[in-house]
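Engineer: Chains as they are written, first to last, in this note's numbering: chain A, 1 to 231; chain B, 1 to 117.
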Amino acid sequence: MIKRLLIIVVIILLIVIFLPFMKNVILKDSLNELSSGYVEKSVSDLKTANIVTAVVVTFRGLDTLGEVTVLFIATAGVGLLLKRKKGEKSKKSDKRPASEILQTGASFLFPLTILFGVYIFLHGHLTPGGGFQGGVIIASAFLLLLLSNINFQFNHTVLHWVESLSGAFYVLLGLLGLILLGSFLNPKFLPLGTLGTLFSAGAVPLIYSFIGLKVGSELSNILDSMRGAEE
Amino acid sequence: MRYTLILGFILFMIGLWAMLTRKNLFKIVIGFSIIDTGVHLIIVTIGYLSGKTAPILDKLVTPANAVQKVVDPIPSALVLTAIVIGLAVTALMLSYVVRLYKRRKSLSIEDYRELKW
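#1: Counting only Cβ pairs nearer than 9 Å, list the residues of chain B close to leucine 81 (chain A).
#2: Where does asparagine 238 (chain A) fall in DSSP's three states?
#3: Have a look at the DSSP bridge pairing and note the partners of threonine 155 (chain B).
#4: What separation, rounded to the nearest whole angstrom, lies between the Cα atoms of proline 205 (chain A) and proline 191 (chain A)?
#5: For a test of the three-state rule: what should DSSP assign to asparagine 24 (chain B), helix, strand or coil?
#6: Could you give the residue range of the alpha helix (DSSP H) that holds lysine 41 (chain A)?
#7: Quick one: list the residues of chain B neighbouring methionine 1 (chain A), beta-carbon separation under 9 Å, in chain order.
#8: Kindly indicate which residue of A:Glu218, A:Phe18 and A:Asp224 has the alpha-carbon position closest to the one of leucine 147 (chain A).
#9: Using a 10 Å radius around the Cβ and a threshold of 16 neighbouring Cβ atoms, would you call valine 79 (chain B) buried or exposed?
#10: I'd like to know whether the C-beta atoms of serine 140 (chain A) and threonine 157 (chain A) end up nearer to each other than 8 Å.
#11: Which same chain residues end up closer than 7 Å to glutamate 218 (chain A) when comparing Cβ atoms and leaving out the 5 residues on each side of it in sequence?
#12: Whose C-beta lies closer than 8 Å to the C-beta of valine 39 (chain B) among residues of the same chain, with five residues either side of it excluded?
#13: Under a three-way DSSP split, which group does serine 166 (chain A) fall into?
#14: Taking the alpha carbon of isoleucine 8 (chain A) as the point to measure from, which residue in B:Thr4, B:Ile6, B:Ile109 and B:Thr21 has its own alpha carbon closest?
#15: Report the residues of the region 63–76 of chain A with a CB closer than 8 Å to any CB of chain B, ordered along the chain.
#16: Under DSSP, the alpha helix (DSSP H) around alanine 139 (chain A) begins and ends at which residues?
#17: Could you check whether glycine 31 (chain B) and glycine 15 (chain B) sit closer than 8 Å to each other, using their CB atoms as the reference points?
#18: Distance, Cα to Cα, valine 56 (chain A) vs threonine 90 (chain B)?
#19: Chain B beta carbons: is any one of them nearer than 8 Å to that of valine 56 (chain A)?
#20: Tell me which same chain residues have a C-beta within less than 6 Å of the C-beta of threonine 64 (chain A), skipping the five on either side of it?
#21: Enumerate in chain order the residues of its own chain whose CB-to-CB distance from proline 73 (chain B) is below 8 Å, with the five nearest sequence positions on each side excluded.
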């Protein structure tokens, strides 16, 4: 009873603290200096149609590298916590296989979903989307396979190589910018092209593709670990 | 005052309440996810400028008038980052829950007294 009272007091106090913030929030009607600088630069300097992508991949590229690192560490943690013991890997599950409709539907949708994910991260500099979204869509395609086929096994060698290589190439592209142009993750070492076409924005689509592959393989890894845990 | 700001705040409070009162470990993780969503909503709202559009160039948002037409791209980029991190952290927490359950065969927080303050 005391506990519940304390919780209510804590929540009411938080409301009292934050309410003045919400009342006095200043609603701007124009961009501040930094944001308008980013908007102008991403159009004139980088030829990136999606300004959010320009911010994520270029202006705040180091943040994104850190984010990919956090994702990698979380995946490693999930893998460590839900590690399967050797030997019980090949245990046949006694569950019923999924119905014909589910299996056919999943095998029909799987390549389309992968294709859609690749499209999302290749067009990250033009349309809403990018590496993270595309990677999640690819992982959802694998989730579909996991759900519809109980005996589905990931090829771990391929998964690990895709993950490691895409991460390494991401850093290498950043270092290439450092060597050629003097700043880390500078995508202007490739031709910039014209605004709004697929081959534009220098190395931004390339970097976002590597991020997409890395996120996709990492999330597939998480799905695989979690599936292994339930057995 | 924007309504999405209030909505984000309410979501944050619901999540906090769930984390503080629920006993089931999975429900605590769900509470964390709800807090996450509330925070994302608040960050996006702060970057929104009324009457303006997404920061993506097309026929209407041309390079010449982009600065006048788009909302702040930085909070959007931050939320993009935060969603992925939130997903990874939720997955990590869920795997902790699975591990704890395997060890102690219980999902109630009351059975884990080692970290009680």
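Positions of the beta carbon are idealized from the N, C-alpha and C atoms, including for glycine. Computed from a predicted structure; not experimentally measured.
Structural biologist: Taking the geometry as given:
#1: On the first sequence, position 81 is the one that residue 81 (chain A) refers to. Chain B residues near leucine 81 (chain A): Leu92, Ser95, Tyr96, Val98 and Arg99.
#2: The question about residue 238 (chain A) has no answer, for chain A in this structure spans 1 to 231.
#3: Given a span of 1 to 117 for chain B in the structure shown, any question on residue 155 (chain B) remains unanswerable.
#4: To locate residue 205 (chain A), count along the first sequence from 1; it is residue 205. To locate residue 191 (chain A), count along the first sequence from 1; it is residue 191. Approximately 12 Å between the Cα atoms of the pair.
#5: The residue labelled residue 24 (chain B) in the question sits at position 24 within the second sequence. In the structure shown, asparagine 24 (chain B) sits in a strand (DSSP, three-state: E or B).
#6: Counting from 1 along the first sequence, the entry for residue 41 (chain A) is found at position 41. Start and end: 33–44.
#7: On the first sequence, residue 1 (chain A) is found 1 positions in, with the first residue counted as 1. Near methionine 1 (chain A) there are no residues of chain B at all, since even the closest Cβ is about 13 Å away, more than 9 Å.
#8: For the purposes of this step, residue 147 (chain A) is identified with residue 147 of the first sequence, where counting begins at 1. Considering only alpha carbons, the answer is A:Asp224.
#9: What you label residue 79 (chain B) is simply residue 79 of the second sequence in a count that begins at 1. By the 10 Å Cβ count, valine 79 (chain B) comes out buried.
#10: For this step, residue 140 (chain A) is matched to residue 140 along the first sequence. For this step, residue 157 (chain A) is matched to residue 157 along the first sequence. No, these two residues do not count as a Cβ contact at 8 Å.
#11: As a first step, residue 218 (chain A) must be located in the first sequence, where it is residue number 218. Result list for glutamate 218 (chain A): Leu71, Phe72, Thr75 and Glu163, in chain order.
#12: As a first step, residue 39 (chain B) is located in the second sequence; it is residue number 39 there, counting from the start. Closer than 8 Å at the Cβ level, and outside the excluded window around valine 39 (chain B), lie Gly8, Phe12 and Ala82.
#13: As a working note, residue 166 (chain A) is residue 166 in the first sequence. Here serine 166 (chain A) sits in helix by DSSP.
#14: Residue 8 (chain A) sits at position 8 when you count from the first residue of the first sequence. That would be B:Thr21, whose Cα lies nearest to the Cα of isoleucine 8 (chain A).
#15: Asp63, Thr64, Glu67, Val70, Leu71, Ala74 and Thr75
#16: If you number the first sequence from 1, residue 139 (chain A) lands on position 139. Here the alpha helix (DSSP H) through alanine 139 (chain A) covers 131–148.
#17: Within the second sequence, numbered from 1, the residue matching residue 15 (chain B) stands at position 15. Within the second sequence, numbered from 1, the residue matching residue 31 (chain B) stands at position 31. For the pair glycine 15 (chain B) and glycine 31 (chain B), the CB atoms are nearer than the 8 Å cut-off.
#18: Numbered from its first residue, the first sequence carries residue 56 (chain A) at position 56. Numbered from its first residue, the second sequence carries residue 90 (chain B) at position 90. Each residue's Cα considered, the two are about 22 Å apart.
#19: Start at 1 with the first residue of the first sequence, and residue 56 (chain A) comes out as number 56. Yes, contact with chain B.
#20: For the purposes of this step, residue 64 (chain A) is identified with residue 64 of the first sequence, where counting begins at 1. The answer, listed in chain order, is Val56.
#21: Taking the second sequence and counting its residues from 1, the one referred to as residue 73 (chain B) is at position 73. Cβ within range, chain order: Gly47 and Pro55.
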